[in-house]
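S.K.:
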Amino acid sequence: MDSDTKARIARQFIEAIPFSRALGMRLEEIGGGVAVISMPWNPDLIGDPERGVIHGGAVSALMDTCGGAAVMSHPAAPAGTATIDLRIDYMRAATPGAPLIARAECHHITRSVAFMRAVASNPGEDAPVAMATGTFTVERA
Amino acid sequence: MSRRPRPEPVQVVKQRRDAALRRLVEHVPYVQFLGITVDRRGDELTATLNFSDKLIGNPLLPAIHGGVTASFLEVTAIMEVSWAMIWDDLESGRLDPQTADLPRLPKTIDFAVDYLRTGLPRDAYARARVTRQGRRYASVQVEAWQDNRDRPFAHASARFLMPPRDGGSDG
Numbered sequence: 003m004d005s006d007t008k009a010r011i012a013r014q015f016i017e018a019i020p021f022s023r024a025l026g027m028r029l030e031e032i033g034g035g036v037a038v039i040s041m042p043w044n045p046d047l048i049g050d051p052e053r054g055v056i057h058g059g060a061v062s063a064l065m066d067t068c069g070g071a072a073v074m075s076h077p078a079a080p081a082g083t084a085t086i087d088l089r090i091d092y093m094r095a096a097t098p099g100a101p102l103i104a105r106a107e108c109h110h111i112t113r114s115v116a117f118m119r120a121v122a123s124n125p126g127e128d129a130p131v132a133m134a135t136g137t138f139t140v141e142r143a
Numbered sequence: 268m269s270r271r272p273r274p275e276p277v278q279v280v281k282q283r284r285d286a287a288l289r290r291l292v293e294h295v296p297y298v299q300f301l302g303i304t305v306d307r308r309g310d311e312l313t314a315t316l317n318f319s320d321k322l323i324g325n326p327l328l329p330a331i332h333g334g335v336t337a338s339f340l341e342v343t344a345i346m347e348v349s350w351a352m353i354w355d356d357l358e359s360g361r362l363d364p365q366t367a368d369l370p371r372l373p374k375t376i377d378f379a380v381d382y383l384r385t386g387l388p389r390d391a392y393a394r395a396r397v398t399r400q401g402r403r404y405a406s407v408q409v410e411a412w413q414d415n416r417d418r419p420f421a422h423a424s425a426r427f428l429m430p431p432r433d434g435g436s437d438g
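Chains G and P supply the protein sequences, listed in that same order.
Per the working numbering, the very first residue in the first sequence carries number 3; after that it's consecutive.
Per the working numbering, the very first residue in the second sequence carries number 268; after that it's consecutive.
Here it is, written out as structure tokens:
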């Protein structure tokens with residue numbers, strides 16, 4: 003299977019996840035243990051109504067999905083994966099009205115555990131919104 | 268000789284507490300989007316994640332999305348720390364949620380979740396405990412379960428930056 007076919011299958015797989023769909027997530031890039039996923043602005047995701055800032059939980063959902071995709075796309079590709087733990091630092095409020103984009107990288111993988119780090123930001127803005135690290139299971143076929 | 272003031276009628280106390288709780292739950296769009304509701308017994312809160320198909324992450328198992336589980340835990344933690352923050356003012360009557368605005372919400376500094384078991388496609392419950400509450404920072408632990416209280420499917424710990432309150436210095 004060539005890398006284009008793999009990427010297309012990955013995109014279909016991720017965009018078929020009901021909750022990721024509900025949040026409007028779109029796979030922008032995938033391959034070699036790196037995934038980039040965007041999430042559009044949506045007023046349903048607001049966590050602080052006074053400031054119009056989206057809820058940290060929606061950022062967690064983006065980080066978790068993007069992290070899982072990065073792990074799945076690693077060359078030592080696991081047949082499947084599940085999140086073991088996820089830790090997120092929230093550096094600033096996401097800009098109201100702007101989409102979010104997450105970039106996750108599976109930077110190390112053993113026979114049993116995949117290690118991931120990710121950054122979420124508003125496109126065109128330098129300061130990241132949140133950073134995450136996580137570990138994922140490595141399921142063997 | 269001073270006498271203790273008569274306690275307020277129970278319905279007045281309940282009305283004030285429930286009005287404050289409704290503000291924390293019903294005014295947050297993401298809490299509504301996920302279908303989270305909250306029960307109260309005295310000051311104890313239990314959040315319920317009412318299952319719906321859109322919460323699925325893995326359609327093959329099927330299982331609740333890890334991002335839903337993280338969101339449910341974070342929502343419950345924010346609710347608990349906000350509740351603890353307003354409780355004294357609420358009880359003393361200094362804060363009347365029917366006429367005055369509630370203080371601003373705490374901001375999450377960091378959040379760490381452990382996934383312990385698969386989240387099944389059914390309702391889930393969560394309770395949080397504020398382990399440290401200062402003027403500026405608070406630490407919270409939160410746990411979620413489904414059918415069996417002794418078998419949590421996820422737990423998390425979170426740190427919050429508290430909103431500025433009237434009077435006093437930072438500390």
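Don't be surprised by glycine CBs; every beta carbon is placed ideally from N, CA and C.
1. So Arg89 of chain G contacts chain P; which residues on that side make the cut at Cβ distance below 9 angstroms?
2. Give the interface partners of Gly324 of chain P over in chain G, defined as CB-CB distance under 7 angstroms, in chain order.
3. Pro51 of chain G touches chain P at which residues, Cβ-Cβ below 8 angstroms?
4. Buried or exposed, going by whether 16 or more other CB atoms sit within 10 Å of the CB of His110 of chain G?
5. Using CA atoms only, rank isn't needed, just tell me which of P:Leu322, P:Lys374, P:Ala330 is closest to Val407 of chain P.
6. What does Ile48 of chain G reach in chain P if we use C-beta pairs closer than 8 angstroms?
7. How many angstroms separate the CA atom of Gly302 of chain P from the CA atom of Val115 of chain G?
8. Pull out every residue of the segment 325-343 of chain P whose Cβ sits closer than 7 angstroms to any Cβ of chain G, in chain order.
9. Could you pull the start and end residues of the alpha helix (DSSP H) that Glu341 of chain P belongs to?
10. Could you run through the segment 350-379 of chain P and flag, in chain order, every residue whose CB is less than 8 angstroms away from some CB of chain G?
11. How long is the line joining the alpha carbons of Ala143 of chain G and Ala79 of chain G, rounded to whole angstroms?
12. Is the beta carbon of Arg210 of chain P sitting closer than 8 angstroms to the one on Asp285 of chain P?
M.R.: Taking the structure as given:
1. Arg89 of chain G reaches chain P at Asp377, Phe378, Ala379, Val380, counting residues in chain order whose Cβ is nearer than 9 angstroms.
2. Ile19, Phe21
3. Within 8 angstroms Cβ-Cβ: His294, Val295, Pro296.
4. exposed
5. P:Lys374
6. Those within 8 angstroms of Ile48 of chain G in chain P are Val295, Pro296, Tyr297.
7. 33 angstroms
8. Pro326, His332, Gly333, Gly334, Val335, Ala337, Ser338, Glu341, Val342
9. Per DSSP, the continuous alpha helix (DSSP H) segment holding Glu341 of chain P begins and ends at 333-359.
10. Arg371, Leu372, Lys374, Thr375, Ile376, Asp377, Phe378, Ala379
11. 10 angstroms
12. Any property of residue 210 of chain P remains undetermined from this structure, which presents chain P solely from 268 to 438.
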